[in-house]
Amino acid sequence: MKIDFTKVNLDNLNSYEEKAMTSFETLMTKGGEGNDFLGWIDRPIDYDKEEFVRIKEAAKRINENSDVLVSIGIGGSYLGIKACDVACDSYFASDRKVKLIYAGNQISGQYLSELLDFLKDKDYSLNVISKSGTTTEPAIAFRFLKEAIEEKYGKEEARKRIYATTDKAKGALKELADAEGYETFVVPDDIGGRFSVISAVGLLPLAAAGIDIDAFMEGFKEGRDIYTEKSFDNPAIKYAAIRNMLHEDGKDIEVLVNYEAKLRYIAEWWKQLFAESEGKDGKGIFPVSVNNTTDLHSVGQMIQDGKRNLFETVIEVENQERDLVINEDKDNLDGLNYLAGKTMSFVNKQAMEGTTIAHVKGNVPNIRIIMDKVDAKEIAKLFYFFEIAVGVSGYMLGVNPFNQPGVEEYKGQMFKLLGKPGYENK
Ligand code: PA5
Numbered sequence: 004m005k006i007d008f009t010k011v012n013l014d015n016l017n018s019y020e021e022k023a024m025t026s027f028e029t030l031m032t033k034g035g036e037g038n039d040f041l042g043w044i045d046r047p048i049d050y051d052k053e054e055f056v057r058i059k060e061a062a063k064r065i066n067e068n069s070d071v072l073v074s075i076g077i078g079g080s081y082l083g084i085k086a087c088d089v090a091c092d093s094y095f096a097s098d099r100k101v102k103l104i105y106a107g108n109q110i111s112g113q114y115l116s117e118l119l120d121f122l123k124d125k126d127y128s129l130n131v132i133s134k135s136g137t138t139t140e141p142a143i144a145f146r147f148l149k150e151a152i153e154e155k156y157g158k159e160e161a162r163k164r165i166y167a168t169t170d171k172a173k174g175a176l177k178e179l180a181d182a183e184g185y186e187t188f189v190v191p192d193d194i195g196g197r198f199s200v201i202s203a204v205g206l207l208p209l210a211a212a213g214i215d216i217d218a219f220m221e222g223f224k225e226g227r228d229i230y231t232e233k234s235f236d237n238p239a240i241k242y243a244a245i246r247n248m249l250h251e252d253g254k255d256i257e258v259l260v261n262y263e264a265k266l267r268y269i270a271e272w273w274k275q276l277f278a279e280s281e282g283k284d285g286k287g288i289f290p291v292s293v294n295n296t297t298d299l300h301s302v303g304q305m306i307q308d309g310k311r312n313l314f315e316t317v318i319e320v321e322n323q324e325r326d327l328v329i330n331e332d333k334d335n336l337d338g339l340n341y342l343a344g345k346t347m348s349f350v351n352k353q354a355m356e357g358t359t360i361a362h363v364k365g366n367v368p369n370i371r372i373i374m375d376k377v378d379a380k381e382i383a384k385l386f387y388f389f390e391i392a393v394g395v396s397g398y399m400l401g402v403n404p405f406n407q408p409g410v411e412e413y414k415g416q417m418f419k420l421l422g423k424p425g426y427e428n429k
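Residue numbers 4 to 429, in our numbering, belong to the letters of the sequence shown in order.
In structure tokens:
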């Protein structure tokens, strides 16, 4: 993975170096706020090997008895899984034995009701994932899905098809799992939700889908080797510094751009990571994403010509597994013969380069992340890059990057409206 910062004016970057390096030091020495949630930093080399084996065994069982694994969770207990799942799967003809389907990531009765119908004639298992064990969305979905799976297979068999990933000791889900005798996996105390894809949260569903979790862990390990280097040449530190430099220059919005639609959930994961880590105390860069070239025909107008308060971070994929060459057409009625002999990826690349030139001319600074290819290992490396960067960037911004107090506010108001005991005076 390479990072290209040459499309940003770096004249002032030197003045951000000291703060960036101090913030990095604070992160690595666990000397800042939120330091009890830094378990993800060393997790690539320091993880529970016994649980890792159990995860593989559970994934094997799921492959033996199921065609679908319903992954029930929201936020950090959802987005990293889906990001890697979608990026590594085929667009149309998946060759996977087990399909991942998601639930508990919203409260749509329409969705859940259709899912319950869909599952009726499928063999399936459930993985209910919640670090706190008390989140409303997955709890409601699990109540319905538990009833359905018990009705289909009987309580005894259903118990063997339900896997719970939660806190090692506390929370309603842990109590329920112990009472029912489900196999449980742990979300470590020192890893916050949005950093938890490296734990059983991500590993079990991804392994069940047939994704190589050894390669996934290897990617995190390589990421750790590269992005924990104490040097201003470390691209994760530099990215954090440049974000803060641009922000102080009036850039309040960061647009994560892809030219390969399989990466669209990587962007969703990234949005949670940066929004929950930085958006507090009246501060933060608002993270948004676009899928190009699709969105060049919609919000592209705004990026080119609207208020000059944004910058872009583009993810380029250098090598795709598959490609197509455009043929010569004897009539050339569509006027495309000038592209004959060119590949689709060549055309896509020129679209990206042309857009970058236009946007930079339009005063939209442009950072480029170049992935060699899209697979579990490269995605893990990308995840780790962004995780180090957000820690450094958050400390530079002067916030605690590892809490999310704002997420609680809507819950209080919602619980009051729903009549949850204890919320009457909210
Ligand atoms: O990053 C976070 O901590 C949150 O977004 C959580 O991941 C999300 O709220 C889900 O929480 P839980 O896993 O406790 O159900």
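From the three backbone atoms N, C-alpha and C, an ideal C-beta is built for every residue, glycine too.
- Remark: the C-beta of residue 141 is in contact range of the ligand PA5, defined as less than 8 Å to any heavy atom.
- Annotated three-state conformation of residue 377 is coil, per DSSP.
- For residue 315, the distance from the CB to the nearest heavy atom of the ligand PA5 is not below 8 Å.
- For the options 192, 31, 142 and 389, the alpha carbon positioned closest to that of residue 40 is the one of 192.
- Here the region 274-292 lies against the region 395-409, with 3 or more beta-carbon pairs under 8 Å apart.
- For secondary structure counted as the alpha helix (DSSP H) over 4 or more consecutive residues, the region 93-151 holds these complete runs in sequence order: 112-122.
- Nearest to residue 208 by alpha-carbon distance, out of 196, 93, 390 and 103, is 103.
- Within the same chain, 140 and 143 come within 7 Å of residue 110 by CB-CB distance, once the 5 residues on both sides are set aside.
- Judged by the Cβ position, residue 44 fails to qualify as a neighbour of the ligand PA5 at the 8 Å threshold, every heavy atom of the ligand being at least this far.
- Only exposed fits residue 328, as fewer than 16 other CB atoms lie within 10 angstroms of its CB.
- Between residue 112 and residue 173, the CB-CB gap reaches or exceeds 9 Å.
- Assignment of beta strand (DSSP E) within the region 330-417, counting only whole runs of 3 or more residues, yields 369-374 in chain order.
- In the DSSP assignment, residue 9 falls outside any alpha helix (DSSP H) and within the unbroken beta strand (DSSP E) covering 5-10.
- Here residue 305 is exposed, its C-beta having fewer than 16 other C-beta atoms within 10 Å.
- In the DSSP assignment, residue 167 is bridged to 131 and 187.
- Shown here for residue 148: same chain residues with a beta carbon closer than 7 Å to its own, the five before and five after excluded, namely 73, 75, 106 and 129 in chain order.
- A Cβ-Cβ contact shorter than 9 Å links residue 65 with residue 166.
- Taking C-beta atoms as the reference points, residue 134 and residue 69 fail to come closer than 9 Å.
- Straight-line spacing of the CA atoms in residue 421 and residue 131 works out to 23 Å.
- For residue 17, the uninterrupted alpha helix (DSSP H) run begins and ends at 17-31, by DSSP.
- Residue side-chain check: residue 197 places its Cβ nearer than 8 Å to a non-hydrogen atom of the ligand PA5.
- When only Cα atoms are considered, residue 364 and residue 30 end up about 36 Å apart.
- With a cut-off of 8 Å, the C-beta of residue 279 is classified as near the ligand PA5, since at least one heavy atom of the ligand falls inside that distance.
- By the CB criterion at 9 Å, residue 123 and residue 371 fall outside the cutoff.
- Residue 195 sits away from residue 47, with the two beta carbons spaced by 9 Å or more.
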